[in-house]
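Q:
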Amino acid sequence: MAEASYPDDLKYHPEHDWARIDGDEAVFGVTWYAQDALGEVVFFDPPEVGAQVKKDESYAEVESVKAVSDVFAPLSGEIIEVNDALADSPEKVNEDPYGEGWMVKVKLSDPSEVDGLLDLEAYKALLS
Amino acid sequence: MPVQYDGIRQEHVAVRTAAGMFDVSHMGEIETSGPDAEAFLQRILSNDVTRIAERGAQYSVLCREDGGVLDDLFSYRLGSDRFLTVTNAANHDKDLDWFRRQASGFDVEVKDAHADWAMLAVQGPGARAALGRLADGELPARMRTAELLLAGAQALVCGTGYTGEDGCELMLPPDAAGAVWDALEAEGVKPAGLGARDTLRLEVCFHLYGNDLSEDRNPIEAGLGWCCKLDTGFIGSDALREVEPAEALVPFAFTGPGIPRQDNPIRTEHGDGVVTSGSLSPCLGTGIGMGYVPLSASEPGTTIEIDVRGKARAAEVREKPLYAKE
């Protein structure tokens with residue numbers, strides 16, 4: 036996607052990750068800023084379903100032609116679903132970072148961690 | 022030169038299917054002239070310099086006494102006793118120092134010509150057509166040079182490159198290079214960056230100094246024995262004569278997912294090795310690379326394993342080049 040965009044229904048992590056929270060579950064992905072900085076994503080190495088992720092720690096890797104980058108978990112929990120479509124179409128991370136480019140769905144172990152994330156205004160302030 | 026303009030893959034594909042250009046002005050130049058210029062270069066360069074015809078070009082390595090590789094170089098014979106040698110940017114000062122130290126006893130002038138030249142590499146199946154529309158005469162054949170007016174600029178045009186595609190490298194006065202770049206862009210030649218330069222050269226298995234070549238590696242193990250003419254008596258030739266290679270630099274491709282990167286360990290049935298260059302191949306769509314492996318694991322078809330940050334990835338030793346035009 037050519038134009039920067041940051042939906043207001045998401046919570047943001049300063050490492051340029053987002054979480055779409057639904058009760059005690061959340062979907063994670065990377066922000067427009069992150070995918071733009073990465074360049075064309077050519078490989079996504081997903082974690083296993085069932086794996087534990089910890090807030091602020093790397094849970095996956097994305098690769099451009101030139102470089103490898105860690106993807107950080109905005110919240111802690113257990114992975115209950117991964118976006119298998121990214122194996123064949125990693126470019127979805129660039130084209131639709133908040134939609135088809137989602138990465139994992141997590142059962143949150145401590146939903147109160149959400150309070151530590153940034154809302155849209157705070158994340159935009161970080162970018163500016 | 023930036024890593025990319027529009028994207029590594031688009032730039033890579035432009036060079037493979039049409040034409041792209043790289044600003045490689047960071048590369049260094051050394052001009053060697055004088056009555057002993059040929060004899061001097063024959064002493065320090067690994068290839069047979071006497072076989073470079075006037076207006077010809079030749080690839081060689083520069084070796085230490087012990088055979089370690091100081092740099093890999095293209096040399097152009099501009100006149101019977103005048104040569105221009107293109108160095109890797111990071112090695113330029115070291116090379117220049119080496120040239121000057123070895124020059125004693127030879128009637129030659131060794132001149133740092135880095136500031137005299139900007140350098141543009143114009144590469145791809147459409148490169149010559151675009152260049153031809155801007156040039157006042159016939160472009161040089163492969164491995165030849167010609168002095169031409171190009172978009173009004175005096176250019177030394179060389180039929181060489183680093184992509185596996187046809188094309189030319191242009192040596193230009195620095196203050197004229199911008200206008201030539203703009204004229205080429207107007208002819209449809211796409212600006213390309215360091216990222217595409219690296220993936221293009223890796224697909225055709227051209228060495229990158231600092232990755233695949235170093236002072237700790239000799240040219241025999243690096244697969245560059247073909248440009249080491251031991252009978253010319255160049256510095257390092259005595260050591261290379263004694264080399265019994267234990268390892269070989271091989272190209273490989275992944276047979277499953279993943280992308281190899283420099284310094285990833287290689288596991289083989291015959292011992293371990295190391296990746297010296299790795300990337301995704303935009304043309305093949307798989308991870309590819311080059312690395313040093315034990316000689317007994319260097320046959321094309323050998324199954325190997327690359328340890329990519331803790332994950333074992335399946336790969337296979339391949340023939341050069343990894344990518345060949347159909």
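Here the protein sequences come in this chain order: W and F. Letter by letter, the first sequence follows residues 36 to 163 of my numbering. Letter by letter, the second sequence follows residues 22 to 347 of my numbering. Beta carbons are placed, not taken as given, at the ideal position from N, Cα and C, and that holds for glycine. Just so you know, these numbers come straight off a predicted model, no measurement behind them.
#1: Shorter than 8 Å from the beta carbon of E98 (chain W) to some beta carbon of chain F?
#2: DSSP state of F61 (chain F), grouped into three classes?
#3: Could you have a look at Q25 (chain F) and say whether DSSP puts it in helix, strand or coil?
#4: Quick one, are the C-beta atoms of T297 (chain F) and A336 (chain F) less than 8 Å apart?
#5: Just the C-alpha distance for A110 (chain F) and M48 (chain F), rounded to the nearest angstrom, thanks.
#6: Along the region 48–79 of chain W, where does the CB come closer than 8 Å to a CB of chain F? Name the residues.
#7: Could you have a look at R103 (chain F) and say whether DSSP puts it in helix, strand or coil?
#8: Measure from the alpha carbon of G299 (chain F) to the alpha carbon of each residue in F:G188, F:G310, F:A151, then state which is nearest.
#9: Which residues does DSSP pair with Q144 (chain F) in a beta bridge?
#10: Confirm, please, whether the CB-CB distance from P303 (chain F) to V100 (chain W) is below 8 Å.
#11: For W67 (chain W), which three-state DSSP category applies?
#12: According to DSSP, is E92 (chain W) helix, strand or coil?
#13: Taking 8 Å as the limit between beta carbons, can you name the residues of its chain near D52 (chain W), skipping five residues before and five after?
#14: Is the Cβ-Cβ distance between A142 (chain F) and G182 (chain F) less than 8 Å?
#15: Using the C-alpha atoms, what's the distance from D154 (chain W) back to A150 (chain F)?
#16: Residues of chain W with CB closer than 7 Å to the CB of Q25 (chain F), please, in chain order.
#17: Counting along the chain, where does the beta strand (DSSP E) carrying Q283 (chain F) start and finish?
#18: What is the DSSP secondary structure of A333 (chain F), counted as helix, strand or coil?
#19: Indicate the three-state DSSP secondary structure (helix, strand or coil) for P195 (chain F) in the structure shown.
#20: So A260 (chain F) is in the alpha helix (DSSP H); what residue range does that whole segment cover?
#21: Cα-Cα, which of F:L251, F:D252, F:R334 is closest to R288 (chain F)?
#22: Looking at the strands, I want to know which residues DSSP matches up with A167 (chain F).
#23: Mapping the DSSP letters down to three states, classify L229 (chain F) as helix, strand or coil.
#24: When you compare each of F:G331, F:F227, F:N232, F:S46 to S81 (chain F) by their alpha carbons, which one comes out closest?
#25: If you measure between the beta carbons of V36 (chain F) and A207 (chain F), is that distance less than 8 Å?
#26: Rounding to the nearest angstrom, what Cα-Cα distance links K142 (chain W) and K90 (chain W) in this structure?
#27: Given a cut-off of 8 Å, decide if V338 (chain F) and S317 (chain F) are closer than it, judged by their beta-carbon atoms.
#28: Alpha carbon to alpha carbon, what distance is there between G153 (chain F) and C189 (chain F)?
#29: So is V103 (chain W) in contact with chain F if we call contact Cβ pairs under 8 Å?
A: Inspection of the coordinates gives the following:
#1: Here the question's residue 98 (chain W) lines up with position 63 in the first sequence. For E98 (chain W), the answer is yes, since a Cβ of chain F falls inside 8 Å of its Cβ.
#2: Within the second sequence, numbered from 1, the residue matching residue 61 (chain F) stands at position 40. Three-state result, F61 (chain F): helix.
#3: In the second sequence, residue 25 (chain F) corresponds to position 4, counting from 1. If DSSP states are grouped into helix, strand and coil, Q25 (chain F) belongs with coil.
#4: Within the second sequence, the letter at position 276 stands for residue 297 (chain F). Within the second sequence, the letter at position 315 stands for residue 336 (chain F). For T297 (chain F) and A336 (chain F), no; Cβs fall outside 8 Å.
#5: To locate residue 110 (chain F), count along the second sequence from 1; it is residue 89. To locate residue 48 (chain F), count along the second sequence from 1; it is residue 27. If you take the alpha carbons of A110 (chain F) and M48 (chain F), they lie about 5 Å apart.
#6: G74, E75, V77, F78
#7: Residue mapping note: residue 103 (chain F) aligns to position 82 of the second sequence, counting from 1. The answer is strand: DSSP assigns R103 (chain F) an E or B state.
#8: Against the second sequence, residue 299 (chain F) aligns to sequence position 278. Out of F:G188, F:G310, F:A151, F:G310 has the C-alpha closest to the C-alpha of G299 (chain F).
#9: The sequence position of residue 144 (chain F) within the second sequence is 123, counting from 1. F:G41, F:G188, per the DSSP bridge assignment.
#10: In the first sequence, residue 100 (chain W) corresponds to position 65, counting from 1. In the second sequence, residue 303 (chain F) corresponds to position 282, counting from 1. Yes, the Cβ-Cβ distance between V100 (chain W) and P303 (chain F) is below 8 Å.
#11: Here residue 67 (chain W) refers to the residue found at position 32 of the first sequence. If DSSP states are grouped into helix, strand and coil, W67 (chain W) belongs with the helices.
#12: As a working note, residue 92 (chain W) is residue 57 in the first sequence. Coil, per DSSP.
#13: For the purposes of this step, residue 52 (chain W) is taken as residue 17 along the first sequence, with counting starting at 1. Excluding residues within five positions, the ones whose Cβ falls inside 8 Å are F63, G64, V65, T66, A69, V106, F107, A108, P109.
#14: Here residue 142 (chain F) refers to the residue found at position 121 when the second sequence is read from its first residue. Here residue 182 (chain F) refers to the residue found at position 161 when the second sequence is read from its first residue. For A142 (chain F) and G182 (chain F), yes; Cβs fall inside 8 Å.
#15: Taking the first residue of the second sequence as position 1, residue 150 (chain F) is located at position 129. Taking the first residue of the first sequence as position 1, residue 154 (chain W) is located at position 119. C-alpha separation (whole angstroms): 54 Å.
#16: Counted from its first residue, the second sequence places residue 25 (chain F) at position 4. Under the 7 Å cutoff, chain W gives G74.
#17: Counting from 1 along the second sequence, the entry for residue 283 (chain F) is found at position 262. Unbroken run through Q283 (chain F): none, as it is neither H nor E.
#18: Working through the second sequence from its first residue, we reach residue 333 (chain F) at position 312. Strand.
#19: Locating residue 195 (chain F) in the second sequence gives position 174, counting from the first residue. Note: P195 (chain F) maps to helix in three-state DSSP.
#20: The sequence position of residue 260 (chain F) within the second sequence is 239, counting from 1. A260 (chain F) -> alpha helix (DSSP H) spans 258–262.
#21: Along the second sequence, one-based indexing puts residue 288 (chain F) at 267. Residue F:R334 is the option with its Cα nearest to R288 (chain F).
#22: For the purposes of this step, residue 167 (chain F) is identified with residue 146 of the second sequence, where counting begins at 1. Paired residue(s): F:V178.
#23: Indexing the second sequence from 1 puts residue 229 (chain F) at position 208. Correct three-state label for L229 (chain F): coil.
#24: Taking the first residue of the second sequence as position 1, residue 81 (chain F) is located at position 60. Per the Cα distances, F:F227.
#25: Stepping through the second sequence from its first residue, residue 36 (chain F) is reached at position 15. Stepping through the second sequence from its first residue, residue 207 (chain F) is reached at position 186. No; because the gap between Cβ atoms is not below 8 Å, this pair is not in contact.
#26: Along the first sequence, one-based indexing puts residue 142 (chain W) at 107. Along the first sequence, one-based indexing puts residue 90 (chain W) at 55. Going from the Cα of K142 (chain W) to the Cα of K90 (chain W) covers about 13 Å.
#27: In the second sequence, counting from the first residue as 1, residue 317 (chain F) sits at position 296. In the second sequence, counting from the first residue as 1, residue 338 (chain F) sits at position 317. No, the pair does not count as a contact, with Cβ atoms beyond the cut-off.
#28: If you number the second sequence from 1, residue 189 (chain F) lands on position 168. If you number the second sequence from 1, residue 153 (chain F) lands on position 132. In a straight line, the C-alpha of C189 (chain F) is about 11 Å away from that of G153 (chain F).
#29: Here residue 103 (chain W) refers to the residue found at position 68 when the first sequence is read from its first residue. Yes - at least one Cβ of chain F is within 8 Å of the one on V103 (chain W).
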